[in-house]
Amino acid sequence: MKKNRLPIIVGAFISVALIVSIFIVFNYKNNQGSDASDELQPTTEPTKKDSPAKEEPTITTENPVKPEQQPDENGYLPNQTLPTEPTYIKGILLANKIYPLPSTFAPGENPEARQALDKMLAEAKQQGFDLVAFSGYRSFDYQTTLYNNYVNRDGQAAADRYSARPGYSEHQTGLAFDIGERGKDNLWLTEEFGETPAGQWLLTHAQDYGFILRFPKDKEGITGYMYESWHYRYVGLDIAKEIKKQNITLEEYLGVK
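Per my numbering: the sequence shown = residues 14 to 270.
1) Got a sec? Which residues, its chain only, sit under 8 Å from Ala146 by beta carbon, not counting five neighbours each side?
2) Fully enclosed by the region 121 to 194, which beta strand (DSSP E) runs are 3 residues long or longer?
3) Is Pro96 closer than 8 Å to Pro120 when the C-beta atoms are compared?
4) Distance check for Lys230 and Gly196, CA to CA, integer angstroms please.
5) My output table needs one value for Ile102: the three-state DSSP class, helix, strand or coil.
6) Compare the beta carbon distance of Tyr163 and Ala170 with 8 Å and say whether it is the shorter of the two.
7) Can you find the residues in the same chain that come closer than 6 Å, C-beta to C-beta, to Gly268, ignoring five residues on each side of it along the sequence?
8) Thinking C-beta only, is Ile235 closer than 8 Å to Ile256?
9) Could you compute how far the alpha carbon of Phe206 sits from the alpha carbon of Leu216?
10) Would Ile111 and Val248 be called neighbours here (beta carbons separated by less than 8 Å)?
11) Verify whether the separation of the beta carbon atoms of Phe142 and Glu194 is less than 8 Å.
12) State the DSSP-derived secondary structure class of Leu107, mapped to helix, strand or coil.
13) Rounded C-beta distance between Gln185 and Ser152? I'm assuming under 8 Å.
14) Go ahead and pull the three-state DSSP assignment for Leu216.
Here it is in structure tokens:
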């Protein structure tokens, strides 16, 4: 009796059809997988999250953006408004004609600066120089009154060479002191103080206590202020010594000249 070959033929046909179906499905999935992979590749313009270096500069207290405007004839940026936060560069609080302080910034006298000042004045006295800090911390309101008085007396252009506008004064930081010799008040706030033995001692030794002469001779184009032999700013021992060694200003040290 002959065997029925129909089941065998049907089975072979089903097997071939199954193989072809698997091949088609496999090929389709491969093509679909390639397209999805392309969509996940980085674009030619990475997102800000993936490429922070291409972001617009962020104005922060540690990374101030250099102003695009040019200062006016008095050294200030036209139509500048006071910030909401003070500016720190390399960990140093900066207050000048380009980087002002908030009107609400009122830290008072810095204790570390005062301690260093007292130590310096005590050493000066040991050397025969009776130095005194006759002006230290000034509030925003007090600086406003002081500056306006100078403007009324000398005019704004002249006042801007030796007095800071409200919000722009180093005295508001609590880190600056005007120093003179006791009993020689007539030389306070004068260039002549810097030529006295007391003024020369201060200039020579201030960095040993963390202070710098903030507005040196022939640096008005950088600091914005005329030479002030009496104005010293506390920046800390190491930085003060480095600035003195290089014979530069605070702006030059911070790279914002």
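Cβ coordinates follow ideal geometry from the N, Cα and C atoms, glycine included.
Based on what the coordinates show:
1) Along the sequence shown, read from residue 1 onward, the residue named residue 146 stands at position 133. Only Leu130, Leu134, Phe190, Asp191 and Ile192 meet the Cβ criterion.
2) 144 to 148 and 189 to 194
3) Within the sequence shown, numbered from 1, the residue matching residue 120 stands at position 107. Within the sequence shown, numbered from 1, the residue matching residue 96 stands at position 83. In this structure, Pro96 does not lie closer than 8 Å to Pro120 by Cβ.
4) On the sequence shown, residue 196 is found 183 positions in, with the first residue counted as 1. On the sequence shown, residue 230 is found 217 positions in, with the first residue counted as 1. Looking at the two C-alpha atoms, the distance is approximately 25 Å.
5) In the sequence shown, residue 102 corresponds to position 89, counting from 1. Correct three-state label for Ile102: strand.
6) Stepping through the sequence shown from its first residue, residue 163 is reached at position 150. Stepping through the sequence shown from its first residue, residue 170 is reached at position 157. Contact: no.
7) Position 255 of the sequence shown holds residue 268. None.
8) The residue you call residue 256 lines up with position 243 of the sequence shown. The residue you call residue 235 lines up with position 222 of the sequence shown. Contact: no.
9) For the purposes of this step, residue 206 is taken as the residue at position 193 of the sequence shown. For the purposes of this step, residue 216 is taken as the residue at position 203 of the sequence shown. Cα-Cα distance, rounded: 11 Å.
10) On the sequence shown, position 98 is the one that residue 111 refers to. On the sequence shown, position 235 is the one that residue 248 refers to. Not in contact: Ile111 and Val248 (Cβ atoms no closer than 8 Å).
11) On the sequence shown, residue 142 is found 129 positions in, with the first residue counted as 1. On the sequence shown, residue 194 is found 181 positions in, with the first residue counted as 1. Taking 8 Å as the Cβ cut-off, Phe142 and Glu194 qualify as a contacting pair.
12) What you label residue 107 is simply residue 94 of the sequence shown in a count that begins at 1. In this structure, Leu107 counts as strand in the three-state DSSP scheme.
13) As a first step, residue 185 must be located in the sequence shown, where it is residue number 172. As a first step, residue 152 must be located in the sequence shown, where it is residue number 139. Correct: roughly 7 Å between the Cβ atoms.
14) The residue given as residue 216 occupies position 203 in the sequence shown. Correct three-state label for Leu216: helix.
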